[in-house]
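What follows is a set of notes on a single structure, which appears directly below.
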């Protein structure tokens with residue numbers, strides 16, 4: 021059932037950094053890495069900062085650095101919205117823990133959310 | 281003799297002016313290209329952000345986010361007016377100021393308190409001249425504004441909206457439809473309007489960490505992006521307006537130059553004719 025590839029759009033506020041087909045993604049979610057393969061269930065998750073790996077249908081892997089943002093998967097279309105996206109980390113990079121307040125995260129309680 | 285010299289002087293002066301306006305036209309043309317590229321490049325982010333906010337938005341959630349609160353009675357309105365730091369751009373600045381004035385007068389007519397935040401020297405000097413009080417002034421923007429600029433401009437307003445000090449926030453800037461169509465526009469950025477269109481209920485998604493936590497991070501980005509978009513479009517519109525204004529100025533100078541040259545030659549010829557007539561007359565007197 022799952023398609024062999026997915027569409028990926030990686031956008032930052034100033035530009036579209038990557039747009040094209042991919043067969044798999046490993047992204048830095050807020051709480052650890054998340055992998056997305058074709059046929060993934062619809063999902064929306066916050067991103068932290070770190071490396072984003074995009075596997076190309078041709079076999080290679082593209083590597084980006086993203087910092088803060090959100091990832092959405094639906095119908096084999098992945099949208100990654102990020103504050104910063106480039107081939108390398110900025111020189112003054114610090115982990116973006118401040119983006120998520122730990123106190124707030126403790127009372128995450130959405131009933132029926134299998135990820136919590 | 282003095283008449284031709286006078287014409288020569290004017291021709292030189294108009295020619296110099298034309299050279300300057302032509303250069304400004306070319307500078308504006310190349311900046312316009314870069315600015316409009318930036319406008320187009322930034323649009324996918326806005327579209328993607330809207331798509332995700334729409335997917336997450338739930339009417340029930342609206343009440344829980346201070347950024348989406350719709351006050352029953354609007355007490356204080358903030359207007360963020362974007363203008364240019366430089367003139368010589370035709371009616372560009374005037375149009376924006378007029379639009380801001382409209383919103384200002386309309387809100388005042390409804391008995392609301394209005395505070396004015398002005399970006400750009402042109403807007404500032406206009407409202408200073410009018411004796412209007414400005415809550416903040418900013419002249420630090422370049423021709424290529426960044427998301428950080430937008431953040432800096434809007435973060436204070438956003439906080440004050442959340443605490444209830446402000447009830448409505450407008451951004452007055454240009455909409456960049458095309459290089460030739462850039463009408464001024466007042467966009468209501470706060471309270472946030474939920475994106476329209478069909479949406480999948482948020483329960484259909486795996487959400488991590490949770491719907492409202494994600495939304496709480498995205499809504500400020502949504503506001504900032506609207507301001508950023510307005511900054512980009514206004515910057516591009518400024519270059520477009522300047523290019524048109526300078527093109528007109530160059531054309532007018534060329535036309536003026538043609539006329540002056542014609543008059544100059546006429547005077548010169550008249551002078552020669554007169555001199556010949558004098559010589560002939562003088563020679564005739566000897567015969």
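Chains as they are written, first to last, in our numbering: chain A, 21 to 136; chain B, 281 to 567. C-beta: ideal position from N, C-alpha, C; glycine also.
Q: Decide if residue 447 of chain B is buried, meaning its Cβ has at least 16 other Cβ atoms within 10 Å, or exposed.
A: As a working mapping, residue 447 of chain B is identified with position 167 in the second chain. Buried, because 16 or more other Cβ atoms sit within 10 Å of the Cβ of residue 447 of chain B.
Q. Going along the chain, which residues of its own chain have a beta-carbon closer than 6 Å to the beta-carbon of residue 55 of chain A, five neighbours each way excluded?
A. Translated into positions along the first chain, residue 55 of chain A becomes position 35. These residues qualify, in order along the chain: 46.
Q. Is it the case that the Cβ atoms of residue 396 of chain B and residue 382 of chain B are separated by a distance below 8 Å?
A. As a working mapping, residue 396 of chain B is identified with position 116 in the second chain. As a working mapping, residue 382 of chain B is identified with position 102 in the second chain. Contact flag unset, no.
Q. List, in order along the chain, the chain A residues whose C-beta lies closer than 8 Å to that of residue 331 of chain B?
A. In the second chain, the residue the question calls residue 331 of chain B occupies position 51. Residues of chain A whose Cβ lies closer than 8 Å to the Cβ of residue 331 of chain B are, in chain order, 92, 99.
Q. At least one CB of chain B closer than 8 Å to the CB of residue 28 of chain A: is that the case?
A. In the first chain, residue 28 of chain A corresponds to position 8, counting from 1. So no, residue 28 of chain A is outside the interface.
Q. Should residue 503 of chain B be flagged as near chain A, meaning a C-beta pair shorter than 8 Å?
A. Residue 503 of chain B sits at position 223 when you count from the first residue of the second chain. For residue 503 of chain B, the answer is no, since every Cβ of chain A falls outside 8 Å of its Cβ.
Q. Is residue 21 of chain A buried or exposed, if buried means 16 or more other CB atoms sit within 10 Å of its CB?
A. Taking the first residue of the first chain as 1, we reach residue 21 of chain A at position 1. Low confidence applies to residue 21 of chain A: its pLDDT is 45, below 50, so where it sits in the model is not reliable enough to give any reading.
Q. DSSP three-state call for residue 386 of chain B: helix, strand or coil?
A. In the second chain, the residue the question calls residue 386 of chain B occupies position 106. In the structure shown, residue 386 of chain B adopts helical secondary structure according to DSSP, grouped into three states.
(Q) Does the CB of residue 421 of chain B have a neighbour CB from chain A at under 8 Å? (A) On the second chain, residue 421 of chain B is found 141 positions in, with the first residue counted as 1. Not an interface residue.
Q. Using a Cβ-Cβ cut-off of 8 Å (strictly less than) and excluding sequence neighbours within five positions of residue 287 of chain B, which residues of its own chain qualify?
A. What you label residue 287 of chain B is simply residue 7 of the second chain in a count that begins at 1. Answer for residue 287 of chain B: 540, 543, 544, 547, listed in chain order.
**Q.** Contact check, residue 521 of chain B vs residue 379 of chain B, beta carbons under 8 Å
**A.** Locating residue 521 of chain B in the second chain gives position 241, counting from the first residue. Locating residue 379 of chain B in the second chain gives position 99, counting from the first residue. The answer is no: Cβ separation not under 8 Å.
Q.
Taking the straight line between their C-alpha atoms, what separation do you get for residue 469 of chain B and residue 430 of chain B?
A. In the second chain, counting from the first residue as 1, residue 469 of chain B sits at position 189. In the second chain, counting from the first residue as 1, residue 430 of chain B sits at position 150. The straight-line gap from Cα to Cα measures roughly 13 Å.
Q) Would a C-beta distance cut-off of 8 Å place residue 98 of chain A and residue 332 of chain B closer than the cut-off? A) Start at 1 with the first residue of the first chain, and residue 98 of chain A comes out as number 78. Start at 1 with the first residue of the second chain, and residue 332 of chain B comes out as number 52. In this structure, residue 98 of chain A sits away from residue 332 of chain B, with a CB-CB distance that is not shorter than 8 Å.
Q.
Considering just the uninterrupted stretch of the beta strand (DSSP E) at residue 106 of chain A, what are its terminal residues?
A. Translated into the one-based positions of the first chain, residue 106 of chain A becomes position 86. Counting along the chain, the beta strand (DSSP E) containing residue 106 of chain A begins and ends at 97-106.
(Q) Rounded to the nearest angstrom, what separates residue 453 of chain B and residue 534 of chain B at their Cα positions? (A) The residue given as residue 453 of chain B occupies position 173 in the second chain. The residue given as residue 534 of chain B occupies position 254 in the second chain. If you take the alpha carbons of residue 453 of chain B and residue 534 of chain B, they lie about 33 Å apart.
**Q.** Backbone CA spacing between residue 486 of chain B and residue 493 of chain B [nearest angstrom]
**A.** Looking up residue 486 of chain B in the second chain gives position 206. Looking up residue 493 of chain B in the second chain gives position 213. Going by C-alpha positions, residue 486 of chain B is about 13 Å away from residue 493 of chain B.
Q: Decide yes or no for the touch test of the stretch 58-67 of chain A against the stretch 85-94 of chain A: beta carbon pairs closer than 8 Å, at least 3 of them.
A: The answer is yes - the stretch 85-94 of chain A touches the stretch 58-67 of chain A, with three or more Cβ pairs under 8 Å.
Q. Using DSSP with H/G/I as helix, E/B as strand and the rest coil, what is residue 364 of chain B?
A. The sequence position of residue 364 of chain B within the second chain is 84, counting from 1. DSSP, read as helix, strand or coil, puts residue 364 of chain B in coil.
Q: Answer with buried or exposed for residue 420 of chain B, where buried requires no fewer than 16 other C-beta atoms within 10 angstroms of its C-beta.
A: Along the second chain, read from residue 1 onward, the residue named residue 420 of chain B stands at position 140. Exposed, since its Cβ has fewer than 16 Cβ neighbours within 10 Å.
(Q) Counting beta carbon pairs with one atom in the stretch 353-373 of chain B and one in the stretch 507-514 of chain B, are three or more of them shorter than 8 Å? (A) The stretch 507-514 of chain B makes contact with the stretch 353-373 of chain B, as at least three CB pairs between them are under 8 Å.
Q. For the stretch 62-91 of chain A, which residues have a beta carbon sitting closer than 7 Å to at least one beta carbon of chain B?
A. Residues passing the 7 Å Cβ filter: 62, 63, 64, 65, 66, 90.
Q: Excluding the 5 residues preceding and the 5 following residue 106 of chain A in the sequence, name in chain order all residues of the same chain whose CB lies nearer than 6 Å to its CB.
A: By 1-based counting over the first chain, the position of residue 106 of chain A is 86. Within the same chain, residue 106 of chain A has close Cβ partners 85.
(Q) Does the stretch 32-49 of chain A come into contact with the stretch 74-84 of chain A, if we say contact requires no fewer than three beta-carbon pairs (one atom in each stretch) closer than 8 Å? (A) In short, these stretches touch, since the Cβ pair count reaches three.
Q | 8 Å Cβ cutoff, residue 485 of chain B in contact with chain A | A | Indexing the second chain from 1 puts residue 485 of chain B at position 205. At a cut-off of 8 Å, the C-beta of residue 485 of chain B has a neighbouring C-beta in chain A.
Q) So which residues of chain B does residue 33 of chain A contact, with C-beta pairs closer than 7 Å? A) As a working mapping, residue 33 of chain A is identified with position 13 in the first chain. Going along chain B in sequence order, the residues near residue 33 of chain A (Cβ under 7 Å) are 322, 325, 427, 505, 508.
Q. Within the 8 Å Cβ cut-off, does residue 377 of chain B reach chain A?
A. Stepping through the second chain from its first residue, residue 377 of chain B is reached at position 97. It does not; no Cβ of chain A falls within 8 Å.
Q. Fully enclosed by the stretch 396-454 of chain B, which beta strand (DSSP E) runs are 3 residues long or longer?
A. DSSP runs (the beta strand (DSSP E)) wholly in the stretch 396-454 of chain B: 416-418, 448-454.
Q. Taking Cβ positions only, does residue 49 of chain A come closer than 8 Å to chain B?
A. Locating residue 49 of chain A in the first chain gives position 29, counting from the first residue. Proximity of residue 49 of chain A to chain B, defined by a Cβ-Cβ separation below 8 Å, is satisfied.
Q | chain B contact for residue 36 of chain A (CB, 8 Å cutoff) | A | The residue you call residue 36 of chain A lines up with position 16 of the first chain. For residue 36 of chain A, the closest Cβ of chain B is nearer than 8 Å.
Q. Would you say residue 432 of chain B faces chain A, with C-beta separation under 8 Å as the test?
A. Position 152 of the second chain, counted from the start, is the residue given in the question as residue 432 of chain B. No, its Cβ sits nowhere closer than 8 Å to a Cβ of chain A.
(Q) Against residue 312 of chain B, what residues of chain D qualify as contacts under a CB-to-CB distance less than 8 Å, listed in chain order? (A) Given the protein chain composition of this structure (A and B), no chain D is represented.
Q.
For residue 444 of chain B, tell me which candidate among B/503, B/462, B/463, B/348 has the shortest Cα-Cα distance.
A. Position 164 of the second chain, counted from the first residue, corresponds to residue 444 of chain B. Of the residues B/503, B/462, B/463, B/348, the one whose Cα lies closest to the Cα of residue 444 of chain B is B/348.
Q | Host beta strand (DSSP E) of residue 65 of chain A (start-end) | A | Within the first chain, residue 65 of chain A is the residue found at index 45, counting from 1. Going by DSSP, residue 65 of chain A is part of the beta strand (DSSP E) stretching over 63-75.
Q: Can you pull the chain A residues whose beta carbon is under 7 Å from the beta carbon of residue 260 of chain B, in chain order?
A: In the structure as shown, chain B begins at 281 and stops at 567. Residue 260 of chain B is therefore absent and cannot be evaluated.
Q: Kindly say whether residue 21 of chain A, judged by its beta-carbon, lies nearer than 8 Å to any beta-carbon of chain B.
A: Numbered from its first residue, the first chain carries residue 21 of chain A at position 1. Annotation note: pLDDT 45 at residue 21 of chain A (below 50); position unreliable, coordinate value reported separately. Look at residue 21 of chain A: its C-beta is not under 8 Å from any C-beta on chain B.
Q.
Against chain A, does residue 498 of chain B count as a neighbour if the rule is that its beta carbon must be under 8 Å from one of theirs?
A. Taking the second chain and counting its residues from 1, one reaches residue 498 of chain B at position 218. Yes, residue 498 of chain B counts as interfacial toward chain A.
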